[in-house]
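Residue numbers (our numbering): 429 to 718.
Below, the structure written as structure tokens:
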């Protein structure tokens with residue numbers, strides 16, 4: 429299992445642990461995972477930066493996002509590409525266009541184009557609202573992801589460091605964003621074989637997951653995912669002793685999730701995997717407005 433999964437990919441990885449319904453069961457939190465647990469992840473949402481109103485741009489991005497949610501990614505990308513070319517002729521450029529376009533390009537492996545458009549969006553967002561820390565953090569995170577995929581771990585780590593600083597400065601930043609940044613940092617350190625730094629980032633990610641775990645199915649998934657990622661680092665770096673000790677912690681949690689999945693399946697409450705992925709995508713977008 430690769431540690432580089434992040435954002436929606438990370439969510440899909442979490443769901444793939446059991447493909448159990450998000451609403452089917454409310455799982456009891458095992459006592460050994462309750463230490464430091466809070467009431468759950470922040471429910472605040474990141475909003476688009478303030479700036480001159482542009483109803484046409486808002487309409488384009490909303491339509492593109494809905495097309496993507498419906499599975500029409502090619503049509504969504506074409507819509508954004510046209511809009512981006514049109515606004516290059518104007519004095520005022522809305523950063524939402526290159527930002528969303530970059531996400532589609534990254535998905536299709538057009539990393540150089542995605543990096544250019546994310547860099548444009550980062551500059552434009554900063555000009556419009558330099559205090560919208562969550563939005564700026566998300567842009568730096570996406571930029572780091574593209575640089576990582578190009579094996580430029582040094583530049584990616586610089587973007588992740590910027591993203592973390594901005595996210596921590598945001599009063600509305602959900603804990604899941606911090607976890608995603610730490611997971612991405614760990615992946616970069618693994619790429620450069622800096623195993624000590626990778627382990628440190630993964631340990632911080634796990635500490636956040638334990639602190640913010642929700643007493644429900646998805647909360648346990650996120651905690652289990654963090655444990656699996658740390659185990660991945662131990663396995664790759666050859667730290668067998670630590671790996672075996674971690675497995676002793678993983679087993680009871682994973683067992684409880686599998687048993688709950690079996691019970692959900694028995695009761696006829698286990699939805700299709702594609703349905704779960706769709707729901708998580710909708711919840712992710714609703715929470716972060718990425």
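Idealized CB from N, CA, C, for every residue including glycine.
List the whole-angstrom C-beta distance separating residue i from residue j, where the pair is believed to meet the contact cut-off of C-beta under 8 Å.
i           : j           : result
residue 583 : residue 575 : 5 Å
residue 658 : residue 631 : 7 Å
residue 618 : residue 664 : 6 Å
When you compare the CB positions of residue i and residue j, do they come within less than 7 Å of one another, or not?
i           : j           : result
residue 488 : residue 511 : yes
residue 675 : residue 662 : no
residue 551 : residue 541 : no
residue 508 : residue 529 : yes
residue 587 : residue 571 : yes
Whole angstroms is fine: what's the gap from residue i's alpha carbon to residue j's?
i           : j           : result
residue 651 : residue 634 : 7 Å
residue 497 : residue 491 : 10 Å
residue 596 : residue 672 : 33 Å
residue 543 : residue 683 : 41 Å
residue 524 : residue 599 : 22 Å
residue 579 : residue 667 : 24 Å
residue 628 : residue 622 : 10 Å
residue 660 : residue 615 : 10 Å
residue 484 : residue 494 : 15 Å
residue 522 : residue 613 : 29 Å
residue 581 : residue 515 : 32 Å
residue 500 : residue 527 : 18 Å
residue 653 : residue 520 : 42 Å
residue 606 : residue 639 : 12 Å
residue 688 : residue 566 : 34 Å
residue 603 : residue 636 : 7 Å
residue 480 : residue 502 : Low confidence applies to residue 480: its pLDDT is 45, below 50, so where it sits in the model is not reliable, and the reading given next is rough at best. Approximately 29 Å, taken between the alpha carbons.
residue 685 : residue 548 : 43 Å
Within the present structure, is the beta-carbon of residue i separated from the nearest heavy atom of the ligand GDP by less than 6 Å?
i           : result
residue 518 : In the structure on display, the ligand GDP does not appear, and there are no ligands present to speak of.
So is residue i in contact with chain D if we call contact Cβ pairs under 7 Å?
i           : result
residue 610 : Looking at the structure shown, chain D is missing, and only one protein chain is on hand.
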